[in-house]
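A.B. asks:
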Amino acid sequence: MNINELIEITEGTLLTEPIDCSKTIRGGCGADLMSDVLASIQPDAVLLTGLCNPQVVRTSQMSDVAAIVFVRGKTPPEETIQLANEECIPLITSPYGMFELSGRLFQAGLPSFERPISDN
Amino acid sequence: MANSPSDNSRRFQNKVITDELAGNITRVEELAYILQIEDVMTRDIKTLTPDNTMLDLLEVLKQYHVSGVPIIDDSTKELVGLVSTEDLIKCLANDDAKAPIKSYMATDLITVKTYDFLTEALKKFSRTKVGRLPVLDKEEKLVGIITKGDITNGILRALEKEYQEEEVRRYRASHLFEDIESDRSSLILRYNIAHYDFTSGGKASSNIKRALLRLGANAQLARRVGIAIYEAEMNLIIHTSNGGSIHVEIEPTQISVYVWDNGPGIEDVELALKPGYSTATEEVRELGFGAGMGLVNISRCVDEMDLQSEWGTGTHLTLKIYLKGEDIFGEGYQKRQGEDNES
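So the protein lines, in turn, are chains A and B. Residues in the first sequence are numbered from 964 upward in steps of one, following my numbering. Residues in the second sequence are numbered from 2 upward in steps of one, following my numbering.
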């Protein structure tokens, strides 16, 4: 799935500068706890989150997230958008909730990119 | 009018460049304002005189594979006309091949100067129907000719050069350890982290990850080290009294990370290492941290982790990542080690 398809399925709005839209999204992850994201997400996933601070972008940069979708129509503060522009990570805001968005993306063929956190 | 070529302020003349507009300017458009005509024009040109015949023109066009020839006055050596394939067709239609060039050449010439920027030529190409522009120097002497093809090639060459420069930079960084010989080389990166500075939180780890990639680390290694240091960096921001520092020592076969702070320290180290245990405040949790997974996460990303802490004194966290096979920085280093072993 590419960024344009992601925007279409989430009925979202791109908040960052238009960038390389050929980037491939291979899976999805939904979380509000950044430690969970760092511990469980696999590279090239879309991150669905309700958290809007710049740490979302830092976390995403560290874990090679392909795009971030803010759920429930949330819009992040300017500093988050600015950092995302610097790091070339697309930010999208969607009116739908985390549950609905996960369903839509899963149905569109996107697998879960969340690993279990416990070691055993 | 004749501005000097070095007068860069002329580059964007008559244009108000707002931040927004600047953001939308592509590198190609920018190059059209940076490259000068003389950078891309064809210099080695064949000329004819007004008294040459149209048959002479036919020969030149055939021999040099060009579609237009500038006409120079024999005595004054000045550019007086331009004749193209189109003029030759007209002449042949009149069955007039022996006529002198002066009766068919164009004399109302549109020219550009060597020191003009490419935009000047592009403007003239789009406003008129000409396919080539004679290029004059400061003394109005013909020194070259420029076509749309020359512009395309010139811009491509410039882009290629820039690309190569970036490649060279990356190449140099990735060969750091083989270029510099010592008994034990290492690169140390130092960062100071301020307490409760959530705005810059992650900046240090971000820079470290970028440095590792430049040094030639693969994406997986950079990600692993980046995540570990990011968690450690957030711990300094959240849990210390005065912040702390991160030192990353990069060697060809290992990466060592030292994270220090001077307090308050961890009361129960064993408990702190338990997944889910956290002392973070509600405020920190709202920021998405404090799940009690930080140290667990770090230990999973690195090969060795050592946590020393004393309540009231501070905490020392040491991380080691051992590089094997293709992860080793600097191919030459690896090779040299191999040769040493053989001898």
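Just so it is clear, CB atoms sit at the ideal spot from N, CA and C, and this is done for glycine as well.
Classify residue 248/B as buried or exposed, calling it buried when 16 or more other Cβ atoms lie within 10 Å of its own Cβ.
C.D. replies: exposed
A.B. asks: I believe residue 58/B touches residue 83/B by the beta-carbon criterion, under 8 Å. Please report the beta-carbon distance rounded to the nearest angstrom.
C.D. replies: Actually they are not in contact, since the Cβ atoms of residue 58/B and residue 83/B sit about 11 Å apart, beyond 8 Å.
A.B. asks: Given 8 Å as the limit, is there contact between the stretch 141-159 of chain B and the stretch 200-214 of chain B, that is, 3 or more CB pairs closer than that?
C.D. replies: no
A.B. asks: Starting from residue 1077/A, trace the alpha helix (DSSP H) in both directions and tell me its first and last residue.
C.D. replies: Careful: residue 1077/A lies outside any alpha helix (DSSP H) and carries neither H nor E.
A.B. asks: Taking 8 Å as the threshold (beta carbon to beta carbon), is residue 1086/A in contact with chain B?
C.D. replies: The structure shown does not extend to residue 1086/A, since chain A is modelled only from 964 through 1083, so no value can be given for it.
A.B. asks: Identify every run of the alpha helix (DSSP H) within the stretch 17-87 of chain B, keeping only runs that are complete inside it and at least 4 residues long; order them along the chain.
C.D. replies: 20-25, 28-35, 38-41, 55-65
A.B. asks: If you measure between the beta carbons of residue 55/B and residue 100/B, is that distance less than 8 Å?
C.D. replies: Yes.
A.B. asks: Could you spell out the range, first to last residue, of the beta strand (DSSP E) harbouring residue 306/B?
C.D. replies: DSSP places residue 306/B inside the beta strand (DSSP E), whose first and last residues are 305-311.
A.B. asks: Please list the partners that residue 298/B has in chain A, where partner means a Cβ-to-Cβ separation under 7 Å.
C.D. replies: 998, 1001, 1002
A.B. asks: For residue 262/B, list the residues DSSP reports as bridge partners.
C.D. replies: 245/B, 316/B
A.B. asks: Using a Cβ-Cβ cutoff of less than 6 Å, which residues in the same chain neighbour residue 188/B once the five nearest sequence positions on both sides are dropped?
C.D. replies: Hits under 6 Å: 251.
A.B. asks: Quick one: list the residues of chain B neighbouring residue 1026/A, beta-carbon separation under 7 Å, in chain order.
C.D. replies: The contacting residues are 224, 228.
A.B. asks: Determine, using beta carbons only, whether residue 990/A comes closer than 8 Å to chain B.
C.D. replies: no
A.B. asks: Does the beta-carbon distance from residue 307/B to residue 319/B come in below 8 Å?
C.D. replies: yes
A.B. asks: Determine the direct distance from the alpha carbon of residue 135/B to that of residue 9/B, and round the result to whole angstroms.
C.D. replies: Confidence at residue 9/B is low in this model, with a pLDDT of 40, below 50, so the placement of that residue should be treated as unreliable; the coordinate-derived value is given next. Whole-angstrom Cα-Cα distance: 23 Å.
A.B. asks: Can you find a CB in chain B that lies within less than 8 Å of the CB of residue 1014/A?
C.D. replies: yes
A.B. asks: Below 7 Å on C-beta distance, what does residue 210/B contact in chain A?
C.D. replies: 1025
A.B. asks: Thinking just about the alpha-carbon of each residue, which of 219/B, 292/B, 232/B is nearest to the one in residue 325/B?
C.D. replies: 219/B
A.B. asks: To the nearest angstrom, report how far apart residue 976/A and residue 284/B are at their CA atoms.
C.D. replies: Approximately 29 Å between the Cα atoms of the pair.
A.B. asks: If distances are taken between C-alpha atoms only, which option among 1024/A, 991/A, 1000/A, 974/A comes closest to residue 1/B?
C.D. replies: What is shown of chain B runs 2 to 344, which leaves residue 1/B out entirely.
A.B. asks: Residue 327/B to residue 254/B, Cα distance in whole Å?
C.D. replies: 10 Å
A.B. asks: Taking the continuous beta strand (DSSP E) assigned at residue 115/B, which residues delimit it?
C.D. replies: Run containing residue 115/B: none; DSSP gives neither H nor E here.
A.B. asks: What does residue 1006/A touch in chain B if you count any residue whose Cβ is under 9 Å from its own?
C.D. replies: One finds 220, 221, 224 in chain B with Cβ atoms closer than 9 Å to the Cβ of residue 1006/A, taken in chain order.
A.B. asks: Does any residue of chain A have a CB that is nearer than 8 Å to the CB of residue 32/B?
C.D. replies: no
A.B. asks: Look at the alpha carbon of residue 65/B and the alpha carbon of residue 153/B, and state the distance between them as a whole number of angstroms.
C.D. replies: Near 21 Å, if we compare the C-alpha coordinates of residue 153/B and residue 65/B.
A.B. asks: Going by the beta-carbon positions, is the gap between residue 51/B and residue 111/B smaller than 8 Å?
C.D. replies: no
A.B. asks: Hey, is the stretch 60-74 of chain B in contact with the stretch 31-50 of chain B, meaning 3+ C-beta pairs nearer than 8 Å?
C.D. replies: These segments touch.
A.B. asks: Can you tell me the Cα-Cα spacing of residue 184/B and residue 178/B, whole angstroms?
C.D. replies: Straight-line spacing of the CA atoms in residue 184/B and residue 178/B works out to 11 Å.
A.B. asks: Beta-carbon of residue 288/B versus every beta-carbon of chain A: anything under 8 Å?
C.D. replies: Interface residue, yes.
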